[in-house]
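Participant: The structure that follows is given in the form of structure tokens.
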Amino acid sequence: MQIDLNCDMGEGFGAYTLGQDEEIITLVSSINIACGFHAGDPHVMARTVRLARRCGVAIGAHPGLPDLLGFGRRDMACSPEEIADFLTYQIGALLAFCTAEGVELRHVKPHGALYNRAVQDERLVRAMAKTMARIDRNLLLVGLAGRNSRRMADIAAEESIAMVFEAFPDRAYTPEGTLVSRRLPGAVIHDPAEATARALSMVLDQEVAAIDGTMAPLAAHTLCIHGDNPQGMALAAAIRGGLEAAGVAIRPMRPV
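Numbering (the working numbering), first residue to last: 437 to 692.
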């Protein structure tokens, strides 16, 4: 059995630093690099791509809505055409940095509000997959594991894009299998032991405990560890150690 561990990185901007990129990258198999709309800038992107090359981890683009002040977590009324242009701009920028460093761009993981909306918005999933296919049909699209996974995967496949589904050991879940809003208490889990237990449940049992105590089913191919969590390093170390102790190999995400 194997699983990918991923982390969002390159989320600093200008003089501001966010996350523990250089430490956490040694514990994950894939990273998602911010592309300048919700976080990141050209220098941060270049530096993060070089870091990934040195550490041998898989690289993905982490495009978001043009919401730098809100860190891409506020929804915006954008048309599919606008979303296509936003993604083309951001994926293209990171792809250029990857090409310059001689490394491959492997996947695309939408950020924040864009990611969450895709769970319910079929037009958005199609727009993202169609845009990616125009750039590179080998790119993997990352989405939220849960009850809508099959439909999302079918739509992406119609546009010749394979999907990989993701779960979050350090986030609370609703009974419906979606993420609890960060505005609510307890939405982010900081205890490494609790996060590790949830990761094992996600991988071995394909389910996660929801906030009401019920078990929500999910089939995940990658687990995300948030680098902006103050306990990010401790979480990454505990989750990786727990998975490997259970016989789960850590490998970059792949088509399924």
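A virtual CB, placed ideally from N, CA and C, is assigned to each residue, including glycine.
Is the region 618–635 in contact with the region 585–598, if contact means three or more CB pairs nearer than 8 angstroms?
Facilitator: The answer is no - the region 585–598 does not touch the region 618–635, with fewer than three Cβ pairs under 8 angstroms.
Participant: I need the straight-line Cα distance from residue 667 to residue 508, nearest angstrom please.
Facilitator: Whole-angstrom Cα-Cα distance: 22 angstroms.
Participant: Suppose you measure from the CA of residue 685 to the CA of residue 465; what does that come to, to the nearest Å?
Facilitator: One C-alpha to the other measures close to 10 angstroms.
Participant: In this structure, how does DSSP classify residue 659 when only helix, strand and coil are distinguished?
Facilitator: Strand at residue 659.
Participant: Is residue 447 helix, strand or coil by DSSP?
Facilitator: It is coil, neither helix nor strand.
Participant: Taking the straight line between their C-alpha atoms, what separation do you get for residue 482 and residue 609?
Facilitator: When rounded, the distance between both Cα atoms is 34 angstroms.
Participant: Look up residue 602 in the DSSP assignment and give the residues it is bridged to.
Facilitator: Beta-bridge pairing links residue 602 to 580, 658.
Participant: Give the single residue among 582, 455, 590, 671 whose Cα lies nearest to the Cα of residue 642.
Facilitator: When each option's Cα is compared against that of residue 642, the closest is 582.
Participant: Buried or exposed, going by whether 16 or more other CB atoms sit within 10 Å of the CB of residue 607?
Facilitator: Label assigned to residue 607: buried.
Participant: List the endpoints of the continuous alpha helix (DSSP H) containing residue 483.
Facilitator: Where residue 483 is concerned, the enclosing alpha helix (DSSP H) stretches over 478–491.
Participant: In the DSSP assignment, what residue or residues form a beta bridge with residue 651?
Facilitator: 645, per the DSSP bridge assignment.
Participant: Output needed for residue 646: all residues of its chain with C-beta closer than 7 angstroms, excluding positions within five of it in sequence on either side, in chain order.
Facilitator: Hits under 7 angstroms: 609, 610, 611, 652.
Participant: Near residue 615, which residues of its chain fall below 8 angstroms by C-beta distance, leaving aside the five closest residues on each side in sequence?
Facilitator: Same-chain partners within the cutoff: 552, 580, 604, 607, 608, 609, 623.
Participant: Just tell me which of 687, 692, 690, 662 has its CA closest to the CA of residue 423.
Facilitator: Not covered by the structure: residue 423. The range shown for the chain is 437 to 692.
Participant: Is the beta carbon of residue 654 sitting closer than 8 angstroms to the one on residue 683?
Facilitator: Taking 8 angstroms as the Cβ cut-off, residue 654 and residue 683 do not qualify as a contacting pair.
Participant: For a quick check, are the C-beta atoms of residue 440 and residue 650 less than 8 angstroms apart?
Facilitator: Contact flag unset, no.
Participant: Distance check for residue 520 and residue 410, CA to CA, integer angstroms please.
Facilitator: For residue 410 there is no data in the structure shown, the boundaries of the chain being 437 and 692.
Participant: By the three-class DSSP mapping on this structure, what secondary structure does residue 506 have?
Facilitator: Here residue 506 sits in coil by DSSP.
Participant: Mind listing, in chain order, the continuous beta strand (DSSP E) runs of no fewer than 3 residues lying wholly within the region 496–557?
Facilitator: With a minimum length of 3 residues, the continuous beta strand (DSSP E) runs that stay inside the region 496–557 are 541–544.
Participant: If you reduce the DSSP assignment to three classes, tell me which class residue 463 lands in.
Facilitator: Three-state result, residue 463: helix.
Participant: Spatial neighbours of residue 648 within its chain, please: CB distance less than 7 angstroms, with the 5 preceding and 5 following residues excluded, ordered by chain position.
Facilitator: These residues qualify, in order along the chain: 611.
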